[in-house]
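To start, the structure itself, in structure tokens.
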Amino acid sequence: MGIHRYARRTIRLALAGGLGMALTAAATPTQAVTPVSRALSAQAGSEVSGTGPYDTELAALARLWQRQADAWAHGNGMAYAATYTTDADFVNVTGDHLRTRNEIGTKFQRYLGNQLKNSRIHTLEEKIHLLSPSTAFIIRKGCVFFGSERTCHPNTLSWNTSIAVKQSGQWLIRSFHNTLVRH
């Protein structure tokens, strides 16, 4: 594959990633990163387990992430987009700015049917800060697995931040921004 074709493919993949990963078949990792469990946390002073006031909200936010992961794994861009508000903003690592749930769904359906076919998202680390009963700030480190992959490669890791809002009793992502991890 010529260098120009390789560069175009890399850029397309970087634009495509829900986590914005610049993944290529030719990428050779220097060291693999083994996934670790997700951890939820609330703002300082709140309880994370047991019967604390934030437990219900943290569990609901975990289900929101699971809905995203399931939709992605099934190649369903519209179901993935349904986890965002109608007026959502989504910015990936290359600065591509998707505006609205409809645009996110349309683009992700294309991505999941092409560059990201047979892939799934994976979280390595996560912190959820409940800013109010209806607003959460989420910081997440993750990657995209293809096929039977079970480890993240250093050149596919990203950090993303999300603002989640509770609307009509349901948590949705209002804003998402992603950047690759520098190594």
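Residue 82 in this note's numbering sits at position 82 of the sequence shown, with consecutive numbering throughout. Don't be surprised by glycine CBs; every beta carbon is placed ideally from N, CA and C.
Delimiting residues of the beta strand (DSSP E) encompassing residue i
{"i": "residue 140", "result": "135-146"}
{"i": "residue 180", "result": "170-180"}
{"i": "residue 160", "result": "158-167"}
{"i": "residue 88", "result": "84-91"}
{"i": "residue 99", "result": "97-99"}
Own chain partners of residue i with C-beta closer than 8 Å, once the 5 adjacent residues on each side are dropped
{"i": "residue 36", "result": "Confidence at residue 36 is low in this model, with a pLDDT of 35, below 50, so its placement is unreliable and the value that follows should be read with caution. Excluding sequence neighbours, residue 36 sits near 124, 125."}
{"i": "residue 49", "result": "Because the pLDDT at residue 49 is just 44, under 50, the model does not fix this residue reliably, and the value given afterwards should be weighed accordingly. Excluding sequence neighbours, residue 49 sits near 55."}
{"i": "residue 61", "result": "40, 128, 136, 138, 164, 171"}
Range covered by the alpha helix (DSSP H) that runs through residue i
{"i": "residue 58", "result": "55-73"}
Buried versus exposed, by CB contacts within 10 Å (16 or more), residue i
{"i": "residue 119", "result": "buried"}
{"i": "residue 170", "result": "exposed"}
{"i": "residue 210", "result": "Absent from the structure is residue 210, since the part of the chain shown begins at 1 and ends at 183."}
{"i": "residue 98", "result": "buried"}
{"i": "residue 117", "result": "exposed"}
{"i": "residue 131", "result": "exposed"}
{"i": "residue 140", "result": "buried"}
{"i": "residue 59", "result": "exposed"}
{"i": "residue 56", "result": "exposed"}
{"i": "residue 162", "result": "buried"}
{"i": "residue 147", "result": "exposed"}
{"i": "residue 182", "result": "exposed"}
Whole-number beta carbon distance between residue j and residue i, since they are thought to touch under 8 Å
{"i": "residue 83", "j": "residue 64", "result": "6 Å"}
{"i": "residue 160", "j": "residue 176", "result": "6 Å"}
{"i": "residue 100", "j": "residue 87", "result": "6 Å"}
Same chain only: Cβ atoms within 6 Å of residue i, ignoring 5 sequence neighbours per side
{"i": "residue 180", "result": "93, 158"}
{"i": "residue 71", "result": "79, 80"}
{"i": "residue 90", "result": "98, 104, 176"}
{"i": "residue 77", "result": "105, 108, 109, 112"}
{"i": "residue 67", "result": "83"}
{"i": "residue 75", "result": "112"}
{"i": "residue 73", "result": "120"}
Neighbourhood of residue i by C-beta, 7 Å cutoff - its chain only, sequence neighbours within 5 removed
{"i": "residue 165", "result": "85, 134, 135, 172, 174"}
{"i": "residue 69", "result": "120, 121"}
Per DSSP, cross-strand counterpart(s) of residue i
{"i": "residue 130", "result": "136"}
{"i": "residue 121", "result": "144"}
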